[in-house]
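Data first, discussion second: the structure below is written as structure tokens.
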Amino acid sequence: MKSEVRVRIAPSPTGYMHLGLARTALFNWLFARHNNGTFIVRIDDTDEARSTDESLSQILSALKWLGLDWDEGIEKGGDYAPYVQSQRLDIYTEYANKLLDMGKAYYCYCSLEELEAERKQAQEEKKAYIYSGKCRKLSEEQKARFISEGRKPSIRLIADDRTIVVNDLIKGQVEFKLGLVGDFIIVRPNGMPVYIYTSAIDDMLMKISHIIRADEHLAGSTPKQILIFEAFNAPMPEFAHVPLVLGNKGEKLSKRHGATSVDEYRKMGYLPEAMLNYLARLGWSFDDEKEIFSLDELIEVFTLDKVGKAGGIFDQQKLQWLNGEYIQKMDIDSRTKAVIPFLKDASLINDDLISAKYEWIKQIVEAVGDRLKTLAQITDYAGFFFVDEVDYDQDAVDKNIRKEGILEALEGLKSAFGEIESFNQQNLENAIQSYADSKGLKAGKLIQPLRVALTGKPVGPGIFETLILLGKDKVIKRLDDVVKMIMNK
Numbered sequence: 074m075k076s077e078v079r080v081r082i083a084p085s086p087t088g089y090m091h092l093g094l095a096r097t098a099l100f101n102w103l104f105a106r107h108n109n110g111t112f113i114v115r116i117d118d119t120d121e122a123r124s125t126d127e128s129l130s131q132i133l134s135a136l137k138w139l140g141l142d143w144d145e146g147i148e149k150g151g152d153y154a155p156y157v158q159s160q161r162l163d164i165y166t167e168y169a170n171k172l173l174d175m176g177k178a179y180y181c182y183c184s185l186e187e188l189e190a191e192r193k194q195a196q197e198e199k200k201a202y203i204y205s206g207k208c209r210k211l212s213e214e215q216k217a218r219f220i221s222e223g224r225k226p227s228i229r230l231i232a233d234d235r236t237i238v239v240n241d242l243i244k245g246q247v248e249f250k251l252g253l254v255g256d257f258i259i260v261r262p263n264g265m266p267v268y269i270y271t272s273a274i275d276d277m278l279m280k281i282s283h284i285i286r287a288d289e290h291l292a293g294s295t296p297k298q299i300l301i302f303e304a305f306n307a308p309m310p311e312f313a314h315v316p317l318v319l320g321n322k323g324e325k326l327s328k329r330h331g332a333t334s335v336d337e338y339r340k341m342g343y344l345p346e347a348m349l350n351y352l353a354r355l356g357w358s359f360d361d362e363k364e365i366f367s368l369d370e371l372i373e374v375f376t377l378d379k380v381g382k383a384g385g386i387f388d389q390q391k392l393q394w395l396n397g398e399y400i401q402k403m404d405i406d407s408r409t410k411a412v413i414p415f416l417k418d419a420s421l422i423n424d425d426l427i428s429a430k431y432e433w434i435k436q437i438v439e440a441v442g443d444r445l446k447t448l449a450q451i452t453d454y455a456g457f458f459f460v461d462e463v464d465y466d467q468d469a470v471d472k473n474i475r476k477e478g479i480l481e482a483l484e485g486l487k488s489a490f491g492e493i494e495s496f497n498q499q500n501l502e503n504a505i506q507s508y509a510d511s512k513g514l515k516a517g518k519l520i521q522p523l524r525v526a527l528t529g530k531p532v533g534p535g536i537f538e539t540l541i542l543l544g545k546d547k548v549i550k551r552l553d554d555v556v557k558m559i560m561n562k
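Numbering (this note's numbering), first residue to last: 74 to 562.
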């Protein structure tokens, strides 16, 4: 292990914080915390056309929501500021000039048409395209002619024909034949540096000890970045390429598999603790038994040698189960406060109701019990408590209420409930049992029709909790409403 662990994530602000990036950020964060190191957030925004402030804000917000605090970087500052690539262009120019001066890079005056012709020829010959290197040894006269023609050169780094061996901490030993890489562009003709180059320069100057990133960067970026480190005789970071997050059929996770961004899961009512726990176990193994880890436990046991080489299959059902486990761990006050924003977003409650009836809302959340797998499900399981008109599940109505004798039973229960002075469980049980006995019925046969009549749904909190929390007036009104609804159809 290197003496000082310094790791980073360097997202491009061109989209949202997807689950793969979140897991990579988590692995970097855990590795830093486990080794008492430094976790850095750097922004790679050299793609000017696609980078947006909105994406940057969303990515940083997702990191904060997950609780992945960083020690150095954007918003925090540090010894190697700035931490935004668009603010470091002078640095990249300086180091590109050093490469030119050392003879390790050169100006390439090839036009787009010439490069396209090379690509086409390689395609016709059924060969992988590798730049010919024809600008590597231009004469001064040739350079002067190209300049006089107004050609804007790119800058290419020289890739000698040799083999590079990388001892990746996850993938193991990987070999790259540089003859298959070719001299590659580090600065475009418009003067903008390319990502592979800027990332390596930043990693070098910021003394990054371990580059932990998705394995899609392994073949395309790693050999080129090693060449950049070697060109400056810089200490070589260790590499660890994390397998991708995959869909259920082993393909790369995409929108067709459902939600893929951290923000979507936040809005769906997932807890950050559950997301972190699930993402940590996605491709990382501890044992075959333990599924639930606190963040402190993860910090204590996380090592890169436990990260698998194969991609992790994303299982939303398992994530939902895990989220439910975390919800049930919350004390009732915390759980109530967590679901209130979802009730507000659904326009079921407002601040006045929260202030006046917080204890009632808390009792409703407690009545829902362990049914919640996401916070957003509170509107499904408890929304009926907060409305005047129930939205009935017609299949449930047909199955449970449109049956012989049920309307009469609901009318009878309405009358029985109306006579109760103290609307508590014992009195309600007695009223239901007495009515059932008077009609020669089993009391249990009345519960499901009563539930559907009061809630509009076939599942929900216990029937007596539902009756008590709705209150006598609302119960009688709903029984009256459902009878009228059936009679009018």
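Don't be surprised by glycine CBs; every beta carbon is placed ideally from N, CA and C.
So who's on the other strand from residue i, going by DSSP bridges?
i           : result
residue 283 : 311
residue 266 : 260
residue 240 : 246
residue 541 : Answer is none; residue 541 lacks a bridge partner.
residue 91  : 334
residue 318 : 385
residue 325 : 319
I'd like the list of long-range same chain contacts for residue i, defined as Cβ closer than 7 Å, with 5 residues on each side in sequence excluded.
i           : result
residue 490 : 504, 545, 548 and 549
residue 339 : 138
residue 465 : 529
residue 556 : 480, 483 and 484
residue 436 : 542
Taking only three categories from DSSP, how would you classify residue i?
i           : result
residue 333 : coil
residue 227 : strand
residue 112 : strand
residue 618 : For the chain, the structure presents residues 74 to 562; residue 618 sits outside this window and is missing.
residue 80  : strand
residue 492 : coil
residue 178 : strand
residue 145 : strand
residue 217 : helix
residue 293 : helix
residue 431 : helix
residue 209 : coil
residue 439 : helix
residue 581 : The shown model of the chain, from 74 to 562, leaves out residue 581, and the question about it has no answer.
residue 119 : coil
residue 342 : coil
residue 447 : coil
Please go through the same chain and pick out, in chain order, the residues whose beta-carbon is closer than 6 Å to the beta-carbon of residue i, but skip the five residues on each side of it.
i           : result
residue 375 : 103 and 107
residue 522 : 473, 474 and 479
residue 443 : 401
residue 381 : 356
residue 363 : none
residue 294 : 269
residue 219 : 182
Closer than 8 Å by C-beta to residue i: which residues in its own chain qualify, once you throw out the five before and the five after it? Chain order, please.
i           : result
residue 452 : 415, 416, 419 and 421
residue 344 : 396, 399, 400, 411 and 448
residue 111 : 77, 78, 79, 80, 105, 144 and 145
Taking 7 Å as the line, does the beta carbon of residue i fall inside it for any heavy atom of the ligand NAP?
i           : result
residue 230 : Ligands in the displayed structure: none, and consequently the ligand NAP is not present.
*Does the pairing of the segment 237 to 256 with the segment 305 to 320 give three or more beta-carbon distances under 8 Å?*
In this structure the segment 237 to 256 touches the segment 305 to 320; the number of beta carbon pairs closer than 8 Å is three or more.
*Pairing CB atoms from the segment 159 to 173 with CB atoms from the segment 128 to 147, are three or more of them under 8 Å?*
Cβ pair count under 8 Å is below three, so no.
*Unbroken stretches of the beta strand (DSSP E), 3 residues or longer, contained in the segment 358 to 397*: For the segment 358 to 397, not a single whole beta strand (DSSP E) run of length 3 or above is found.
*Would the segment 277 to 294 and the segment 254 to 263 be scored as touching if the rule is three or more Cβ pairs under 8 Å?*
Contact fails: fewer than three Cβ-Cβ distances are below 8 Å.
*Evaluate contact between the segment 276 to 284 and the segment 303 to 310, counting only Cβ atoms and requiring at least three cross-stretch pairs below 8 Å.*
Taking a contact to require three or more Cβ pairs closer than 8 Å, the segment 276 to 284 and the segment 303 to 310 qualify as touching.
_Length-filtered (4 minimum) alpha helix (DSSP H) runs lying within the segment 403 to 429_ = Within the segment 403 to 429, the complete alpha helix (DSSP H) runs of at least 4 residues are 405 to 418.
*asked:* Please give the ranges of any alpha helix (DSSP H) in the segment 150 to 203, keeping only runs that are unbroken, at least 4 residues long and fully inside the region.
replied: The qualifying runs are 162 to 174 and 185 to 197.
*If you scan the segment 478 to 534 from start to end, which runs of the beta strand (DSSP E) of 3 or more residues do you find wholly inside it?*
Here no run is fully enclosed.
*asked:* Across the segment 186 to 200 and the segment 144 to 163, are there enough close Cβ pairs to call them in contact, namely three or more that are closer than 8 Å?
replied: No, the segment 186 to 200 is not in contact with the segment 144 to 163.
_Could you check whether the segment 193 to 204 touches the segment 317 to 327, counting it as contact only if at least three pairs of C-beta atoms, one from each stretch, sit closer than 8 Å?_
Contact fails: fewer than three Cβ-Cβ distances are below 8 Å.
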